[in-house]
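In what follows, a structure is listed as structure tokens, so that the remarks can point back to it.
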Amino acid sequence: MVLDLLIAIFFLFVGIEITATLTHPKQVLLPAFAALGGMVIPAAIFLALNPGSQAWATSMPTDLALALGVFALLGKGANPAVRIFLLTLAVADDLFSLIVLAIFYGDQLDLAHSASTLGAAALGAVLAIVPKFPVQRVVAVLSPLCTFFVIPVYVIAKLSQGISMDSITSKTAISLTIARVLGKIVGITLFAWLAVTLKIIQLPNNLRISEIAGVGALAGMGLTVALVISEVAVESEVIQGDVKAGLIISAVISGLIGFIWLKKPLAR
8 MVLDLLIAIF
18 FLFVGIEITA
28 TLTHPKQVLL
38 PAFAALGGMV
48 IPAAIFLALN
58 PGSQAWATSM
68 PTDLALALGV
78 FALLGKGANP
88 AVRIFLLTLA
98 VADDLFSLIV
108 LAIFYGDQLD
118 LAHSASTLGA
128 AALGAVLAIV
138 PKFPVQRVVA
148 VLSPLCTFFV
158 IPVYVIAKLS
168 QGISMDSITS
178 KTAISLTIAR
188 VLGKIVGITL
198 FAWLAVTLKI
208 IQLPNNLRIS
218 EIAGVGALAG
228 MGLTVALVIS
238 EVAVESEVIQ
248 GDVKAGLIIS
258 AVISGLIGFI
268 WLKKPLAR
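So the sequence shown is residues 8 to 275, counted in this note's numbering.
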């Protein structure tokens, strides 16, 4: 019950962020297109390494709070355009992941659990377009609440169960780690590069493809939404433990790569 409340708060925040982001359509196009690449490529890699696994969708989501948390460690010298791109991409990623959850796993969703997650996201999206609704004020409250309390408590509670030493070296964990760490960088960078090269979408003047690759690395961090998908998509508790192990390993590796990648230009 407590965890359901926490995840409902998180999805309320995600819903508000989704609608707030959509108020700037020109800023949304490139990161949203890149987010698709950051979902398709990891899923394809995971299924190539682990054919037939129901856990493929756990390779898709990006953890908004974790990615922004690592980006904040870069300090004041970090390019603000990169942060906006990362924020928009992560929000689009979570939105697309929820759509995937509803389409591919709709028949497996628990109605009560869905009401506390998808319902909260929908409520947040609606509230954000209500006239005079204090979006910025609510986000200012929910953002640190989710970053420093909701997500840590939820993730720790979920990850404290089902992981063994065998989970770390399992086929699922290794496949998920490779799919998220490599697939996110390749997928996001490739789709962004194609969109710009083919002149489908214009690259902002204050943003470089190399920085988008760094965002791709940070996007490999995904726990919250991925854990929700895992609970719905995977029946075996052993496989769920393997998924959790893969998510932890990929989050650590992706966070380190993303930080080092984006920190290099700042050191020059």
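Just so it is clear, CB atoms sit at the ideal spot from N, CA and C, and this is done for glycine as well.
Once you ignore the five residues that flank T65 on each side, which residues in its own chain have a CB closer than 6 angstroms to its CB?
-> A233, I236, S237, V250
Through-space distance from T179 to V241, alpha-carbon basis: 12 angstroms
Q.
Can you find the residues in the same chain that come closer than 8 angstroms, C-beta to C-beta, to W68, ignoring five residues on each side of it along the sequence?
A. Residue identity check: residue 68 is Pro in the sequence provided, not Trp. Excluding sequence neighbours, P68 sits near D100, D101, S104, G229, T231, V232, A233, I236.
Give the secondary structure of E242 by DSSP, where H, G and I count as helix, E and B as strand, and everything else as coil.
coil
- prompt: Short check: CB of P49 to CB of F92, under 8 angstroms?
  reply: no
**Cβ shell of V77 (< 8 angstroms), same chain only, five flanking positions each side left out** = L225, M228, G262, G265, F266
Pair within 8 angstroms by beta-carbon distance, A42 and L75: no
Return the chain-ordered list of same chain residues with a C-beta closer than 7 angstroms to the C-beta of W200, the five sequence neighbours on each side being excluded. I216
Element boundaries [alpha helix (DSSP H), containing I195]: 178-204
### Integer-rounded CB distance, given that F40 should sit under 8 angstroms from I219
Between F40 and I219 the Cβ distance is about 11 angstroms, and since that is not below 8 angstroms, they are no contact.
Worksheet item: Hey, how far is the Cα of Q47 from the Cα of G194?
Response: Correcting the residue identity first, residue 47 is Val in this sequence and not Gln. Between V47 and G194, the C-alpha separation is close to 7 angstroms.
Item checked: Identity of the residue in A202, A51, I246, G59 nearest I185 by Cα -> For I185, the closest of A202, A51, I246, G59 by C-alpha to C-alpha distance is A51.
With 16 as the cutoff for other CB atoms within 10 Å, does A79 come out buried or exposed?
Exposed: under 16 other Cβ atoms inside 10 Å.
| query | For R187, is the classification buried or exposed, using 16 other Cβ atoms within 10 angstroms of its Cβ as the cut-off for buried? | reply | buried
| field | L344 versus P211: straight-line alpha-carbon distance, rounded | value | In the structure displayed, the chain extends from 8 to 275; residue 344 sits before or after that span and is not available.
In angstroms, rounded to a whole number, what distance separates the CA positions of K191 and V148?
30 angstroms
Let me make sure I understand the geometry here. Which of L197, V245, G223, S177 has the alpha-carbon closest to that of I256? S177
Quiz item: Roughly how many angstroms lie between the CA atoms of L205 and L36, to the nearest whole one?
Solution: 14 angstroms
Run through DSSP, which three-state label would M172 get?
In this structure, M172 counts as helix in the three-state DSSP scheme.
Please classify A252 as buried or exposed, where buried requires at least 16 other C-beta atoms within 10 Å of its C-beta.
By the 10 Å Cβ count, A252 comes out buried.
Quiz item: V89 and V239 look like a contact to me (Cβ under 8 angstroms); what is the Cβ gap, rounded to whole Å?
Solution: V89 to V239, Cβ: 32 angstroms. No contact.
| Distance between K271 and F53 (C-alpha atoms, nearest Å) | 30 angstroms
If you measure between the beta carbons of G44 and L197, is that distance less than 8 angstroms?
yes
*Do you know how far the Cα of A202 is from the Cα of S174?*
38 angstroms
Since F111 is in the alpha helix (DSSP H), which residue starts that stretch and which ends it?
-> 87-111
- Message: Here's a check: name, in chain order, each residue in its chain whose Cβ is nearer than 7 angstroms to the Cβ of V107, leaving out the five neighbours to either side.
- Response: A64, M67
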